[in-house]
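K.L.:
Before anything else, here's the structure in question.
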Amino acid sequence: MSSISVATLLFNNSEFNFENSIIRPNGNLLVTTITSGILLDIDIQSESSSSTVVATFGDYGILGIDSVGQDKYAIAAGIPSSGLSPWSNGTVYTIDLSNEQSPEIKIAASIEANLPDGLVTVPTHPDIVLVSDALAGTVIRVNITSGESEITLQDDLLVGNPGVNGLKILDNYVYFVNTDTSYYGKFAISEDGQKSGDIQVISTDASSDDFALDKHGIAYIGPQRNPSVVRVFPNGTATQIAQNAEMGRPCSLTLAGDGVSGYVTTAEGQIFKFEVPA
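Taken in order, the sequence shown gives residues 8 to 285; the numbers are from the working numbering.
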């Protein structure tokens with residue numbers, strides 16, 4: 008049994024309600040905020056862990072984010088309602104940060120979604136992203152070039168309040184977590200992101216907001232009732248690997264390129280670094 012390490016607090020600003028994150032080519036962490044519509048660049052490599060506002064999205068909350076090119080990203084967004092009521096103006100934005108002096112933001116698609124939450128890019132078709140609707144229990148396939156969108160999966164296993172949340176893709180499978188029901192599973196897709204197989208449940212005890220997935224199919228989740236880092240193997244076996252008594256509710260996990268560390272962002276505006284066991 009592996010020992011549990013102490014996650015290290017790198018950044019703390021309670022003004023922000025973090026939602027999702029991704030590591031940029033320069034090693035900084037790009038973080039979305041669900042309540043303020045601010046996209047932050049956070050230098051997690053320096054002792055100061057300074058933050059810079061990259062872009063603002065007005066009344067929109069911004070959620071899932073993934074890469075669609077060299078320092079170019081797609082972001083799921085919408086205008087929040089009170090509590091977990093349906094949001095309005097479901098939107099997928101793209102933002103090009105290759106020229107940091109003048110980031111280019113575009114509306115790639117308008118989508119029918121009650122809560123556009125998780126977002127993942129189809130690796131073989133970077134113009135296709137999948138977006139989870141956490142209130143409708145669906146996965147939406149979006150073409151960010153043409154703006155066309157369609158529901159590619161609707162299933163009871165995705166339903167919750169909120170339900171299907173984070174999405175990741177590995178070897179033609181989409182992996183997902185259901186925050187409300189604690190289901191963690193996967194389903195097969197075609198090369199262009201269409202559903203091609205039924206859902207396979209990996210674990211029924213993996214409540215998380217978003218999660219990280221390594222090349223071996225090992226997931227790193229942030230339990231909602233016991234904030235920490237837990238890794239879940241492809242057979243569903245789960246082990247807690249890191250914790251910190253100061254950790255707020257985890258909202259996303261991201262693995263560093265070095266393969267030995269990762270980051271947790273929380274709804275309380277924190278970023279923690281954790282060690283990945285061998």
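Beta carbons: idealized from backbone N, C-alpha and C, even for Gly.
Once you ignore the five residues that flank residue 29 on each side, which residues in its own chain have a CB closer than 6 Å to its CB?
P.N.:
Only 37, 72 meet the Cβ criterion.
K.L.:
At a cut of 8 Å, does the region 123-141 reach the region 168-179 through at least three beta carbon pairs?
P.N.:
Yes: at least three Cβ pairs fall under 8 Å.
K.L.:
State the CB to CB distance for the pair residue 229 and residue 271, rounded to an integer number of angstroms; the pair is presumed to be in contact (CB under 8 Å).
P.N.:
6 Å between Cβ atoms; contact.
K.L.:
Considering only the beta carbon of each residue, do residue 182 and residue 220 sit closer than 7 Å?
P.N.:
Contact flag set, yes.
K.L.:
Mind reading off the beta-carbon distance from residue 58 to residue 96? Whole number of angstroms is fine, and I expect it under 8 Å.
P.N.:
No, residue 58 and residue 96 are not in contact; Cβ-Cβ is about 27 Å, not under 8 Å.
K.L.:
Give a yes or no on whether the C-beta atoms belonging to residue 14 and residue 281 are separated by under 7 Å.
P.N.:
Taking 7 Å as the Cβ cut-off, residue 14 and residue 281 qualify as a contacting pair.
K.L.:
Alpha carbon to alpha carbon, how far is residue 269 from residue 8? Give it in angstroms, no decimals.
P.N.:
Because residue 8 carries a pLDDT of 46, less than 50, the predicted location of this residue cannot be relied on, and the following value inherits that uncertainty. Straight-line Cα distance between these residues: approximately 20 Å.
K.L.:
Would you list the one or two residues that DSSP bridges to residue 132?
P.N.:
The partner list for residue 132 (beta bridge, DSSP) reads 129.
K.L.:
What are the boundary residues of the beta strand (DSSP E) that residue 207 is part of?
P.N.:
First-last of the beta strand (DSSP E) with residue 207: 207-210.
K.L.:
Please identify the residue among 196, 262, 158 whose C-alpha is closest to the C-alpha of residue 284.
P.N.:
It is 262.
K.L.:
Return the chain-ordered list of same chain residues with a C-beta closer than 6 Å to the C-beta of residue 82, the five sequence neighbours on each side being excluded.
P.N.:
Taken in chain order, the residues that qualify are 69, 72, 100.
K.L.:
Give a yes or no on whether the C-beta atoms belonging to residue 159 and residue 108 are separated by under 7 Å.
P.N.:
In this structure, residue 108 does not lie closer than 7 Å to residue 159 by Cβ.
K.L.:
Pick from 76, 23, 260: whose alpha carbon is nearest that of residue 133?
P.N.:
Measuring from the Cα of residue 133, the nearest candidate turns out to be 76.
K.L.:
Run through the DSSP bridge pairs and tell me what residue 117 is partnered with.
P.N.:
98, per the DSSP bridge assignment.
K.L.:
I need the straight-line Cα distance from residue 3 to residue 155, nearest angstrom please.
P.N.:
This structure leaves residue 3 out entirely; the chain is present only between 8 and 285.
K.L.:
Please classify residue 26: is it buried, with 16 or more other beta-carbons within 10 angstroms of its beta-carbon, or exposed?
P.N.:
Classification for residue 26: buried.
K.L.:
Mark residue 257 as exposed unless 16 or more other C-beta atoms lie within 10 angstroms of its C-beta, in which case mark it buried.
P.N.:
Classification for residue 257: buried.
K.L.:
How would you write the range of the beta strand (DSSP E) that residue 282 sits in, first residue to last?
P.N.:
That run of the beta strand (DSSP E) goes 277-282.
K.L.:
Determine whether the beta carbon atoms of residue 206 and residue 192 lie at a separation below 7 Å.
P.N.:
Their beta carbons are under 7 Å apart, which means residue 206 touches residue 192 by this criterion.
K.L.:
Under the three-state reduction of DSSP, which class applies to residue 104: helix, strand or coil?
P.N.:
Of the three classes helix, strand and coil, the one that applies to residue 104 here is coil, per DSSP.
K.L.:
Can you tell me whether residue 37 is helix, strand or coil according to DSSP?
P.N.:
Three-state DSSP puts residue 37 in a strand.
K.L.:
Helix, strand or coil, according to DSSP, for residue 265 in the structure here?
P.N.:
Correct three-state label for residue 265: coil.
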